[in-house]
Amino acid sequence: MSAEIHDVTIIGTGPAGLGAAYELIEARPSLKILMVDKGRICSGGLRNDCKQNYTYPIGFAEDYWRKNQAEEILDKVENHLRPEILPANHLETYQRRAARIDVNIFAVRQAHVGTDQSKKLIHRLLARLEELGVVIRLGTEVADLRETDGDAAVVIDGEEIRARKLIVAPGRKGFSFLQGIMKKLAISYVDNIVDVGVRLETRQERYPIVADYYDPKIYFPDNVRTFCTNSGHALVILEKYQDFYLINGHALSKRQTGNHLVNLALLKTIHLKDPVRSGQQMAVYLGRLANEIGGGQPLMQRVGDFRMGKRSNEKTFNRDLYDFPPTCPVTAGDLGLAVPARIMRHLWTAMKKLDTIVPGILHPSTIMYYPEIKMYANKPVFLDDYFRVSRHLYMIGDGAGTSRGITGAWASGIRAARGVIRAI
Ligand SMILES: Cc1cc2nc3c(=O)[nH]c(=O)nc-3n(C[C@H](O)[C@H](O)[C@H](O)COP(=O)(O)OP(=O)(O)OC[C@H]3O[C@@H](n4cnc5c(N)ncnc54)[C@H](O)[C@@H]3O)c2cc1C
């Protein structure tokens, strides 16, 4: 065990961890703070794409946030991230069209950095923290935690490093790490929500709303919504989760010439009721099934084939009728075999409504990729308003279900830091 004791150790240098570190060191410059990340650069949305939403409740878990509380903190987030807010045009026209068919378009202040530029932002944020005296250890995995009445510790390479308080912010990929810790320390948690959906890819001219509103937040009946729209130079990507792949998307900055494609997710939120086992477990079953049918990778199907009730195949992906190649060529197949019927029905109804608001998205060439699944729900039972879960531990960010995006994650970090400052 190392004799050294930090005031605070933060696991994760994603936006949640960064938000906590800045709040702590700015409020108490003498604090000894250690930040640890297993990556060489943080792995979440700050690195990938980096769209920032500055309007509550986008990116916030509403169970834990009141509007005025989030808005006060969002101003602070903005001061650190220094976003260039994008213009939004003709919103009222789209909103009027949407309202007629029971759909809501939410106006959001947004900024977009792009995957090719995000590293610069991250390096600036980390360099400033180091100037302020925060010790940052990248490429260092925390294998375990322990807690006693007096303090807590992280275990790194078999060595215990003690701290008076620990802030745990390991992101979505840290779900199993968090679950392991919660089981070990007997921290109760619920895991009953999961988002399941498809990612659509089409030509930008068939979804022109993106020229007016970069990442339109559109809410349909049956808990379906648009999520993470990318355009300009937009790419669909694979995300490895356990032993299978999920779909995701991102875009490069506006400095790039662009492939003139757009991609967006349509997600249905599922609240599991009794007798619930686990939202994550459901996600794993659905993800594995899709990858099984896809021969070890996700599925893609053209809207034209889906409408005709037939599977897509290699021919459907020629450049004749179907005039753009997929940016993420996975297995051409039949989504109907993999997506549960009720989920598919609600997604398809939403797609028809979307095509009424922005005519073009249902062009036969549009590609539907599956599975895009978001597992948010590893929610610990918090002991106070600062996301404290035990005597010395705070859990925040997407992994702990306090946020669903960069700005909400950063704001969660600020809240936990305020709790820590009160406590020490
Ligand atoms: C491809 C992709 C694109 C996205 N695009 C956007 C977007 O444009 N806008 C948006 O708002 N949101 C986006 N998101 C969501 C966004 O990533 C999250 O909302 C946000 O990053 C959550 O912040 P966080 O700090 O909780 O976790 P993360 O940003 O995931 O950071 C957690 C960090 O903890 C580290 N870590 C995990 N376990 C350990 C351990 N045991 N030891 C040490 N370190 C550990 C990880 O390496 C990681 O760097 C995207 C997500 C993905 C995957």
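Mapping of the sequence shown onto our numbering: residues 1159 to 1582, in sequence order.
Where a beta carbon is used, it is the ideal one built from N, C-alpha and C, also for glycine.
Please read these numbers as outputs of a predicted model, since none were measured by experiment.
request  = Counting only the same chain and skipping the five closest in sequence on each side, list residues whose C-beta sits under 7 Å from that of Q1362.
outcome  = V1368, S1389, H1418, L1419 and V1420
request  = Can you tell me which of the three DSSP states G1437 falls into?
outcome  = The three-state reading of DSSP puts G1437 in helix, counting H, G and I together.
query = So G1491 packs on G1445, CB below 8 Å; how close in whole Å?
reply = With 8 Å as the limit, G1491 and G1445 do not qualify as a contact, their Cβ atoms being about 15 Å apart.
inquiry  = Does the beta-carbon of T1485, which I'm using as the reference point, lie nearer than 8 Å to any heavy atom of ligand 1?
reply    = no
Boundaries of the alpha helix (DSSP H) in which G1577 is found, first to last residue = I1564 to A1581
ask   = alpha helix (DSSP H) containing Y1180: first to last residue?
value = First-last of the alpha helix (DSSP H) with Y1180: P1173 to A1185.
message = Under 8 Å: does the beta carbon of S1389 sit that close to some heavy atom of ligand 1?
response = no
Cβ shell of Y1392 (< 6 Å), same chain only, five flanking positions each side left out = The sequence given here places Ala at residue 1392; Tyr does not occur at that position. Correct list, in chain order: A1409, L1419, V1420 and N1421.
inquiry  = With a threshold of 8 Å, are at least 3 pairs of Cβ atoms found where one atom belongs to the segment 1283-1295 and the other to the segment 1502-1521?
reply    = no
ask   = Just reading off the beta strand (DSSP E) that H1270 is part of, what are its end residues?
value = Q1268 to H1270 is the span of the beta strand (DSSP E), which, as asked, contains H1270.
message = Output needed for I1263: all residues of its chain with C-beta closer than 6 Å, excluding positions within five of it in sequence on either side, in chain order.
response = Y1252, Q1253, A1256 and I1376
key: For V1354, the first and last residue of its enclosing beta strand (DSSP E)   = Per DSSP, V1354 belongs to the beta strand (DSSP E) from I1351 to R1361.
ask   = Beta-carbon separation of K1278 and T1167 under 9 Å?
value = Cβ atoms of K1278 and T1167: not closer than 9 Å.
CB-CB length for A1327 against G1566, believed under 8 Å = So it is not a contact: roughly 12 Å between Cβ atoms.
request  = Confirm the yes/no value for this check: CB of N1211, any heavy atom of ligand 1, distance under 8 Å.
outcome  = yes
task = Would you decide whether M1466 is buried or exposed? Buried here means 16 or more other CB atoms lie within 10 Å of its CB.
result = The residue in question, M1466, is exposed, as its Cβ has fewer than 16 Cβ neighbours within 10 Å.
message = My output table needs one value for R1322: the three-state DSSP class, helix, strand or coil.
response = Three-state DSSP puts R1322 in a strand.
ask   = Quick one: Cα of S1411 to Cα of S1276, how far?
value = 9 Å
key: Buried/exposed call for Y1443, threshold 16 Cβ in 10 Å   = exposed
ask   = What residues in its chain sit with their C-beta under 6 Å from that of V1348, if we drop five residues either side in the sequence?
value = For V1348, where only same-chain residues beyond five positions count, the Cβ hits under 6 Å are K1537.
query = Helix, strand or coil: how does DSSP classify T1485 here?
reply = coil
Limits of the beta strand (DSSP E) - the one that T1384 falls within = V1382 to N1388
request  = Indicate whether A1574 and I1325 have their beta-carbon atoms separated by less than 9 Å.
outcome  = Result yes, Cβ atoms of A1574 and I1325 sit closer than 9 Å.
inquiry  = On the DSSP bridge list, what partners appear for M1526?
reply    = For M1526, which the question treats as bridged, DSSP gives the partners L1358 and Q1459.
request  = Would you mind reading off the limits of the beta strand (DSSP E) that contains R1146?
outcome  = With the chain covering only 1159 through 1582, there is no way to say anything about residue 1146.
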